[in-house]
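K.L.:
Numbering-wise, our numbering comes out as the position in the sequence shown, counting from 1, plus 61.
By construction, the Cβ of each residue, glycine as well, lies at the ideal position given by its N, Cα and C atoms.
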Amino acid sequence: MDISIAILEGDGIGPEITRAALQVLDAVAEKFGHRFDKRPAPFGAQAYFDHGSPFPEETKAICDGADVILKGPVGLAVERMNEIPPEHRPELGAILPLRRRFDTFANYRPVRLPKSLASFSPLKASIIGEGLDILMIRELVGGIYFGDKTEGPSTDMKLAKDDCSYTDGQVRRIAKVAFDEARKRKSSMTNVHKANVLATGRFWNAVVEDVAKLYPDVPYRSVLVDNAAYQLVVNPTQFNGVMLLENMQGDILTDQAGGIIGSLGLMPSACVGPEKSYVEPAHGSAPDIAGKNVANPYSMIGSVALMLDLCLGLGEEAQAVWDALFAVFEHGTTGDLPSEGKEILSTSEFAQRVVDKL
Ligand code: IPM
Ligand code: MN
């Protein structure tokens with residue numbers, strides 16, 4: 062296959078983990094006979110300083126013209142970020158506009174920790190049990206993040222307001238994605254919500270319940286988000302399968318999931334839209350360790366695997382990357398996940414081992 066990829070390496074550790082991921086992608090290209098045409102483009106906080114926008118027009122054009130987008134984390138150290146006006150910070154000025162532009166409503170965040178790697182988790186091995194394999198599916202273009210925002214004028218900071226709304230169509234399409242994935246995996250589907258307080262929560266549940274009628278074969282239940290946060294820590298394996306979350310609740314619980322498996326560096330993600338998709342690690346740019354060649358590149362390499370699978374339909378290639386990633390972890394790890402008996406690898410050494418396994 063001939064595939065064009067917009068490469069937004071981002072800030073902080075972005076360039077080094079993107080380099081690691083591209084090394085793996087090159088190995089996939091060679092092994093399976095594909096051609097990946099890589100088109101780098103500026104995106105993030107540094108892009109604001111260099112081009113006056115965190116999501117420059119040139120980058121939009123490159124994304125528009127590419128088959129798929131590979132995005133690194135964004136954001137610089139706090140002092141540098143404070144020099145950027147709020148509307149040009151990468152969150153509101155780049156990431157949300159990227160999601161809106163391509164309507165990437167379905168955010169796949171796999172949470173995987175096999176039993177053999179239970180020592181990565183801060184939880185007891187007995188809690189990790191036979192291993193974690195949860196696919197968190199987060200709605201990514203609706204809810205409170207995309208509602209109108211009101212902030213009192215600076216002379217009278219008496220009120221701020223964020224609107225939260227969901228339409229029937231928005232909930233229905235993400236619920237279908239979650240049920241389809243659960244059916245594919247022959248697993249259960251857990252719907253997360255806050256229906257005891259929020260109107261949008263009751264609405265969310267009513268729509269999910271309606272969609273559930275189309276999937277009588279998929280075991281399904283609903284859990285309040287606060288209880289889900291608790292249960293994820295005391296008994297996470299009960300969620301093995303698919304979890305469906307709205308935008309903000311999904312933002313929070315996917316970070317918690319990163320903590321449960323030991324590092325946000327283990328959280329890749331794919332943001333899938335009707336026509337175009339992009340992939341990104343679910344974590345930030347870690348400016349404190351940038352340029353030191355110590356960051357864990359799993360999330361970025363895993364994002365490449367998700368891209369191959371979910372965005373390009375190359376399931377076999379994706380599986381080969383996953384197998385190589387977990388094979389590397391048998392003997393080596395990165396500094397964020399120290400583990401007895403395992404060698405500590407740098408970012409580039411980790412990537413090289415994945416390439417060797419491939
Ligand atoms: C994430 C991030 C983003 C979000 C921020 C950076 C806008 O935290 O992808 O989880 O809140 O969605
Ligand atoms: Mn987040």
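#1: According to the neighbour-count rule (16 or more other Cβ atoms, all chains shown, within 10 Å of its Cβ), is residue 242 buried or exposed?
#2: Are there three or more Cβ pairs, one per stretch, closer than 8 Å when the segment 272-282 is compared with the segment 168-177?
#3: May I ask you to report which of helix, strand or coil DSSP gives residue 249?
#4: In whole angstroms, what is the alpha-carbon distance linking residue 158 and residue 352?
#5: Short check: CB of residue 347 to CB of residue 74, under 7 Å?
#6: Can you round the beta-carbon distance between residue 333 and residue 165 to whole angstroms, since I take them to be within the 8 Å contact cut?
#7: Taking 6 Å as the cut-off, is the beta-carbon of residue 312 closer than that to any non-hydrogen atom of the ligand SAM?
#8: Rounded to a whole number of angstroms, what is the C-alpha to C-alpha distance between residue 249 and residue 316?
#9: Find out if the Cβ-Cβ distance for the pair residue 394, residue 356 is shorter than 7 Å.
#10: Buried or exposed for residue 96, going by 16 or more other Cβ atoms inside 10 Å?
#11: Hey, how far is the Cα of residue 93 from the Cα of residue 378?
#12: For the alpha helix (DSSP H) holding residue 106, just list the boundary residues, first then last.
#13: Thinking C-beta only, is residue 200 closer than 7 Å to residue 421?
#14: Would you check whether the ligand IPM has a heavy atom nearer than 6 Å to the C-beta of residue 130?
#15: Hey, how far is the Cα of residue 167 from the Cα of residue 87?
#16: Return the CA-CA distance between residue 245 and residue 214, expressed in angstroms with no decimal places.
#17: Buried or exposed: residue 261, going by 16 or more other Cβ atoms within 10 Å of its Cβ?
#18: Please find out if some non-hydrogen atom of the ligand IPM comes closer than 6 Å to the beta-carbon of residue 343.
#19: Pop quiz: residue 331 and residue 283 are said to be a contact at Cβ under 8 Å. What is the actual Cβ separation, rounded to whole angstroms?
#20: Whole angstroms are fine: how far does the CA of residue 311 sit from the CA of residue 202?
#21: In chain order, what are the residue ranges of uninterrupted beta strand (DSSP E) at least 3 long that sit wholly in the segment 168-209?
#22: In chain order, what residues of the same chain lie with their CB nearer than 7 Å to the CB of residue 206, ignoring the 5 residues before and after it?
#23: Mind listing, in chain order, the continuous alpha helix (DSSP H) runs of no fewer than 4 residues lying wholly within the segment 260-334?
#24: Might you give, ordered along the chain, the residues of its own chain that have their beta carbon closer than 7 Å to the beta carbon of residue 160, omitting 5 neighbours on each side?
#25: Am I right that residue 321 and residue 85 are in contact with their C-beta atoms under 8 Å? What's the rounded C-beta distance?
#26: Below 8 Å, can you find three or more Cβ-Cβ pairs linking the segment 378-390 to the segment 124-144?
#27: Taking the straight line between their C-alpha atoms, what separation do you get for residue 238 and residue 217?
#28: Quick check: residue 339 and residue 132, are their CB atoms within less than 7 Å of each other?
#29: Identify the continuous alpha helix (DSSP H) that holds residue 359 and give its terminal residues.
#30: According to DSSP, simplified to helix, strand and coil, what is residue 237?
#31: Taking C-alpha atoms, which residue in 79, 80 and 71 lies nearest to residue 116?
P.N.:
Result, derived from the coordinates:
#1: buried
#2: no
#3: strand
#4: 27 Å
#5: yes
#6: 6 Å
#7: The ligand SAM is not part of this structure, which contains only the ligand IPM and the ligand MN.
#8: 22 Å
#9: no
#10: exposed
#11: 7 Å
#12: 106-112
#13: The requested residue 421 is not part of the displayed model; the chain covers only 62 to 419.
#14: no
#15: 27 Å
#16: 50 Å
#17: buried
#18: yes
#19: Going by Cβ atoms, the distance from residue 331 to residue 283 rounds to 25 Å, so no, they are not a contact pair.
#20: 12 Å
#21: 192-200
#22: 157, 308 and 309
#23: 260-273, 286-295 and 308-321
#24: 201, 202 and 332
#25: About 25 Å; that fails the 8 Å criterion.
#26: no
#27: 44 Å
#28: yes
#29: 359-367
#30: helix
#31: 71
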